[in-house]
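Since the structure comes first, as structure tokens, the remarks are kept for the end.
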Amino acid sequence: MDSESKTIFSAGRQVIKVRFVVYGLLLLAPVLFWAGTLVIGDPYVYNVQEQSSPAHQYFWGTLFMMMSAAIAAGILVYQDCYVTSLRQDKTTGLFTLATESLIGRRVHSFSYQDIKGWREDSGEYYNGKFHIVAPYISLRLKGRFLPFIIDLQGEVVEEEIYTLLQR
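The numbering used here numbers the first residue of the sequence shown as -18 and each following residue consecutively.
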């Protein structure tokens, strides 16, 4: 570890959970695609009864294929937003954050002046049966359309993460 930089945030063990879900969904996408081609190609798979129409076959098969493409695209976008670590260089004051990628990590650097917006959310969701609390910070930077997601279930090493808002 470089002595000139300090870790402000690390996703820690939380990144293992994220990877498990991401790779699980990546395995689901081709299965859905295969199911779609199977439904389109074989009328007896879709409906064994004789009243099955080709239009229904193509509709459901295409729907399965579109769902698989949406899952794959969503995973790639999410991985580029999920922050695994945030470090600050003591000498320059620049921040470096790392995000997930299918293979390896992506590194992004920014300064205080690049911060366009910041929002902390409790991440509470309650539907009557389940109560989920997954707090996160949404960090917007100049020149970037989507925000970075800092999962506060990770390890906030330095409370200085909250000073990012104070430019």
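Ideal Cβ placement from N, Cα and C applies to all residues, glycine included.
Given that a residue counts as buried once 16 or more other Cβ atoms are within 10 Å of its Cβ, and exposed if not, what is residue i?
i, result
"Arg(-6)", "exposed"
"Gln69", "buried"
"Val2", "exposed"
"Val81", "With the sequence shown as reference, residue 81 is identified as Glu, and Val is not the correct amino acid for it. Burial call: buried."
"Thr65", "buried"
"Ala50", "exposed"
"Thr(-12)", "exposed"
"Ile21", "buried"
"Ala115", "exposed"
Between residue i and residue j, which are expected to be in contact by the criterion C-beta below 8 angstroms, what is the C-beta distance as a whole number of angstroms?
i, j, result
"Gly135", "Ala(-8)", "4 angstroms"
"Arg117", "Ile96", "The displayed chain sequence assigns Tyr, not Arg, to residue 117. No, Tyr117 and Ile96 are not in contact; Cβ-Cβ is about 16 angstroms, not under 8 angstroms."
"Met48", "Leu13", "5 angstroms"
"Gly98", "Arg125", "Actually they do not touch by this definition, with Cβ atoms about 11 angstroms apart."
"Ser90", "Thr77", "5 angstroms"
Counting along the chain, where does the beta strand (DSSP E) carrying residue i start and finish?
i, result
"Ser92", "Here Ser92 belongs to no beta strand (DSSP E), and DSSP marks it neither H nor E."
"Thr167", "No information on residue 167 is available, as it lies outside the stretch -18 to 148 that the chain covers here."
"Gln134", "Unbroken run through Gln134: none, as it is neither H nor E."
"Ile113", "His112 to Val114"
"Leu127", "Here Leu127 belongs to no beta strand (DSSP E), and DSSP marks it neither H nor E."
"Tyr106", "Glu105 to Tyr107"
"Thr65", "Val64 to Asp70"
"Ile118", "Tyr117 to Leu122"
query: Could you give the uninterrupted runs of the alpha helix (DSSP H) lying entirely in the region -11 to 60, keeping only those of 4 residues or more?
result: Those alpha helix (DSSP H) runs which fall completely within the region -11 to 60 and span 4+ residues are -5 to 22 and 24 to 27.
task: Taking 8 angstroms as the threshold, find out whether the region 10 to 18 comes into contact with the region 37 to 44 through three or more Cβ pairs.
output: Yes, the region 10 to 18 is in contact with the region 37 to 44.
query: Are three or more beta carbon pairs between the region 84 to 93 and the region 47 to 57 nearer than 8 angstroms?
result: Touching, no, given that fewer than three Cβ pairs across the two stretches are closer than 8 angstroms.
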